[in-house]
Amino acid sequence: MSRSFVLADGPSLSDLQTYLTRAARIEEGSVRLIAGSGVLAAYSAVLYPVGLLDESPTVLGLRTLAIEPGETFDAVVPVRSLLQRLARAEHDLAAGPADEAVRPTVQLPLEVHTVTWAAISPPRGGWRELPGVDVSLLERVARAGIEEVARAIPEAVGEQLVRKARSEVWGRPIDGFEHIPAGAAFAALSLGFLGEDDVRVYETGPWTRLTTRRGHVLVRRRAWTLAR
């Protein structure tokens, strides 16, 4: 497996840094990197069930970037460690010759093997398009949920209660889009995926995908929610 990857240019490096910094604010854990066919797919966790009784959907962020063809790997690494290596690559790029053809090389951190959500792989094909969602609706749902979570969670409270409050708020379906939980709106807003372009929606099996020019939000519904 490759222990490094080469991004297309400096702006791609900055783009990945911005995405991972946002992801770390939501879940300061790990990111799954899948490289192949000249594309790097970076998955981050926003919401996922912990334990059999947790009814939360799985909500993942996805950002894709062009990398040098021929690099192939599937690795789960700590977000903070990867950000440190991106900063190092940025420094090396700035210290090198002022040549637009020079591409940033990023070293992979050591992998972690205890991330449960990373074992869930969204399908690559078979998606069918559904009616899109208005950007303003997702923004309203996300901001209302953020306020509700803040009111529900005192300053000092146990992790289990925090997870319960977040699960209740972000697992709630969006009015008019019962197959999309509020957590998808939170992910799209928090990861910086919402802009002026339309939010397209796709579905395959238990998975729903929200797509904009800036990235994707993937939702895997719990088994009991599949009947509609």
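For our numbering, add 7 to where a residue sits in the sequence shown, where the first one is 1. Glycine included, C-beta positions come from ideal geometry on N, C-alpha and C. Note that the structure is a prediction, hence the values are computed from the model and not measured.
Asked	Found
Compute the beta-carbon to beta-carbon distance between Glu97 and Phe12, rounded to the nearest angstrom, for a pair I have assumed lies under 8 Å.	The pair is not a contact, with the Cβ atoms about 15 Å apart (cut-off 8 Å).
Report, in whole angstroms, the separation of the C-beta atoms of Val170 and Val57, which I expect to be a contact under 8 Å.	For the record, residue 170 in the displayed sequence is Arg; it is not Val. Going by Cβ atoms, the distance from Arg170 to Val57 rounds to 6 Å, so yes, they are a contact pair.
Is Trp134 near Glu210, with beta carbons less than 8 Å apart?	yes
Label Arg10 either buried or exposed according to how many other C-beta atoms from any shown protein chain fall within 10 Å of its C-beta, with 16 as the threshold for buried.	exposed
Could you check which residue in Gly222, Gly178, Thr121 has the C-alpha nearest to that of Val148?	Gly178
Is Tyr26 closer than 8 Å to Leu198 when the C-beta atoms are compared?	yes
Relative to the alpha-carbon of Glu34, which residue among Glu62, Asp61, Val66 has its alpha-carbon at the smallest distance?	Val66
Go ahead and pull the three-state DSSP assignment for Ile33.	helix
List in chain order: all unbroken alpha helix (DSSP H) runs of 4+ residues lying wholly within the region 86-129.	86-102
What do you reckon, are the CB atoms on Val113 and Val38 nearer than 8 Å?	no
Please go through the region 173-217 and give each complete beta strand (DSSP E) segment of 3 or more residues, from N-terminal end onward.	184-188, 206-211
To the nearest angstrom, how far is it from the Cα of Asp204 to the Cα of Thr215?	19 Å
Val206 and Ala189 - do their beta-carbons sit closer together than 8 Å?	no
Could you work out which residue in Leu90, Ala73, Ile160 is closest to Pro45 when comparing CA atoms only?	Note that residue 45 is Gly in the sequence shown here, rather than Pro. Looking at the Cα atoms, Ala73 is the closest of the given residues.
Terminal residues of the continuous beta strand (DSSP E) containing Leu5?	Only positions 8 to 235 of the chain appear in this structure, which leaves residue 5 out of reach.
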